[in-house]
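Contents: one structure, followed by commentary.
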Amino acid sequence: MSGRAGTTNWQAQIKPGDKVYVGMSGGVDSSVAAYLLKSHGYDVEAIFMRNWDTRDERGECPSARDYHDVQRVCAQLDIKCYQIDLVKQYWNNVFSTCLDVFAAGQTPNPDILCNSQIKFGVLLDEIDRRLCTRGAWFATGHYARTVKTHPDQVNLLRGVDRRKDQSYYLSGVSGRRLSRAVFPLGSLIKSQHVRQIARDARLVTAEKEESMGICFVGERRRFDKFLAEYLPQREGDVLASNGWVIGRHRGLFTKTIGQAASIPGVSGMNGKWYIYAKDPVKNCMYAALGRDNSLLFSNNITAGPAHWIAGTAPEFGPDNRLELDAQVRYMQLPQPCVVDYISVRFQDAQFGIASGQYLTLYQGDVCLGSAPICSTTDTARAIDE
Numbered sequence: 468m469s470g471r472a473g474t475t476n477w478q479a480q481i482k483p484g485d486k487v488y489v490g491m492s493g494g495v496d497s498s499v500a501a502y503l504l505k506s507h508g509y510d511v512e513a514i515f516m517r518n519w520d521t522r523d524e525r526g527e528c529p530s531a532r533d534y535h536d537v538q539r540v541c542a543q544l545d546i547k548c549y550q551i552d553l554v555k556q557y558w559n560n561v562f563s564t565c566l567d568v569f570a571a572g573q574t575p576n577p578d579i580l581c582n583s584q585i586k587f588g589v590l591l592d593e594i595d596r597r598l599c600t601r602g603a604w605f606a607t608g609h610y611a612r613t614v615k616t617h618p619d620q621v622n623l624l625r626g627v628d629r630r631k632d633q634s635y636y637l638s639g640v641s642g643r644r645l646s647r648a649v650f651p652l653g654s655l656i657k658s659q660h661v662r663q664i665a666r667d668a669r670l671v672t673a674e675k676e677e678s679m680g681i682c683f684v685g686e687r688r689r690f691d692k693f694l695a696e697y698l699p700q701r702e703g704d705v706l707a708s709n710g711w712v713i714g715r716h717r718g719l720f721t722k723t724i725g726q727a728a729s730i731p732g733v734s735g736m737n738g739k740w741y742i743y744a745k746d747p748v749k750n751c752m753y754a755a756l757g758r759d760n761s762l763l764f765s766n767n768i769t770a771g772p773a774h775w776i777a778g779t780a781p782e783f784g785p786d787n788r789l790e791l792d793a794q795v796r797y798m799q800l801p802q803p804c805v806v807d808y809i810s811v812r813f814q815d816a817q818f819g820i821a822s823g824q825y826l827t828l829y830q831g832d833v834c835l836g837s838a839p840i841c842s843t844t845d846t847a848r849a850i851d852e
């Protein structure tokens, strides 16, 4: 399936006068998305989703600051703005799930969960219910594209700007939900187009820095210290592959697979150590010396349950295998692999694959879907098999 099939021109999706709700975060991307829709004459209104209730180290509420910026942009564009409180739903559907995954010694992806469960799930339902506009378009500032395959089904495609492509984060959303989505930035390059559009339009967010933190942590807090407020901090041993105790950890959730570990010099073993495995039963981590250590690389993974954007699995070959590309983290280059249902063998061993993270599968530019990673097999064992 070619990612070039069909049309991805978002203007061709929407009829003149159609209602479009724009999910706005207070950043430049969603601001430009709203501006483009408004400037093309569509009936645009903004939605700000409040999903966390906290204050940062300065005693300020990031959500309140962001909503203030949204209101300022909406005033510039002369569009209505609504705030929808989804704190409870976010806690139940995203944050609690992430805590369970962390407690099991794995590494979740809250952004994928937020898009599938909240932004294109609960929020879309709330827009229909509260504003009585069932079936209205829903736009965001994601760098992704869609192409219609059926009246209520689309394919999800990578954004043209490969440095900003966010199809990975949207891989858990159904094609039916995505059929109502509009991505005005999908064919734009952020560094060349989006900032300049914001400057030319004199949007108040034109020079606002990009937010890089997880929404419930913020950008100034240490992630492990934040999680320690919600999870029991059980200390345990850090072991080398030969079973030697080489250090201590402050909780399995404090490190993820592939992350550097601060371990004092071990006799005869100098250099940086990296976490390559965790054992929740024994409450221990395993570390390998050197980032190029084969223990940090995996050829084979299993993942599931699978979410297919089209609603059904792609057609496998006569040997029940399919050659695709895969990503196991955001912004990773496409990696050739062979899929046997959702058991995957990579052409090249991959660094630091963490259980709980998401495997996303692609056929060309088309994102087929994703699945949480259950287990991995390291290079040495894969070769022996």
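Per the working numbering: the sequence shown = residues 468 to 852. Positions of the beta carbon are idealized from the N, C-alpha and C atoms, including for glycine.
Excluding residues up to 5 positions away in sequence, nothing lies with its Cβ nearer than 7 Å to the Cβ of ALA542 in the same chain. Counting every other CB atom within 10 Å of its CB across the protein chains shown gives ASN709 a total below 16, marking it as exposed. Between SER641 and ILE776, the beta carbon gap of about 7 Å places them in contact (Cβ cut-off 8 Å). A contact is defined here as three or more CB-CB pairs under 8 Å, and the region 600-615 fails this definition with respect to the region 798-806. Beyond the five residues adjoining it in sequence on each side, LYS739 comes within less than 6 Å, by CB distance, of ALA727 in the same chain, given in chain order. Cβ contact annotation for CYS548 (same chain, cutoff 7 Å, sequence separation greater than five): ALA513, PHE515, VAL537, GLN538, CYS541, in chain order. Under the three-state reduction of DSSP, LEU789 is assigned to strand. The beta strand (DSSP E) runs of length 3 or more contained entirely in the region 578-657 are, from start to end of the chain, 604-606, 611-617, 620-625. Look at TRP711 here: in three-state DSSP terms it is coil, with no helix or strand label.
Annotated three-state conformation of VAL748 is coil, per DSSP. Rounded to whole angstroms, the Cβ separation of ARG517 and LEU553 is 7 Å, and the two are in contact under 8 Å. Remark: C-beta atoms of LEU637 and HIS609 approach each other more closely than 8 Å. Taking all protein chains shown into account, ARG644 has 16 or more neighbouring C-beta atoms within 10 Å of its C-beta and is therefore buried. Taking the Cα positions, ASP632 is about 19 Å away from ALA501. When secondary structure is reduced to three states using DSSP, TYR743 falls in the strand class. Cα atoms of ASP485 and HIS507: separation of roughly 11 Å, rounded to the nearest angstrom. Unbroken alpha helix (DSSP H) stretches of 4 residues or longer found wholly inside the region 485-546: 495-506, 529-544, given in chain order. The straight-line gap separating the alpha-carbon atoms of SER761 and THR721 is approximately 23 Å. Under the DSSP definition of a beta bridge, HIS660 lacks any partner. Between ILE551 and GLU593, the C-beta spacing is below 8 Å. Between ASN622 and GLN824 the beta-carbon gap is near 24 Å, outside 8 Å, which marks them as no contact.
Linking LEU566 to GLN556 through their CA atoms gives a straight-line distance of about 15 Å. Around GLY714, the same chain offers VAL705, ILE730 as residues with beta carbons nearer than 6 Å, after the five sequence neighbours per side are excluded.
Residue state for GLN824 is assigned as coil, using DSSP reduced to three classes. In the structure shown, ASN560 falls within a helical segment according to DSSP collapsed to helix, strand and coil. The residues ARG517, in chain order, have a CB closer than 6 Å to that of SER530 in the same chain once the five nearest residues on each side in sequence are set aside.
With respect to ALA754, ALA707 sits close: the two C-beta atoms are nearer than 8 Å. In this structure, the straight-line span from the alpha carbon of ASP691 to that of GLY572 is close to 13 Å. For ASP691, there is no enclosing beta strand (DSSP E); the enclosing alpha helix (DSSP H) has its first and last residue at 690-694. Counting along the chain, ALA479 sits inside no beta strand (DSSP E); it lies in the alpha helix (DSSP H) bounded by residues 477-480. Counting along the chain, no beta strand (DSSP E) covers LEU670, and no H or E run does either. When the five nearest sequence neighbours on each side are left out, the beta carbons in the same chain lying within less than 7 Å of the beta carbon of GLN817 are those of PHE764, SER765, VAL795, GLN802, in order along the chain.
Cβ-Cβ distances below 8 Å link TYR534 to GLY493, PHE515, ARG517, GLN550 in the same chain, with the five nearest sequence neighbours on each side left out; the list follows chain order. Looking only at ASP628, ARG717, GLY784, ASP786, the smallest Cα-Cα distance to CYS751 is reached by ARG717.
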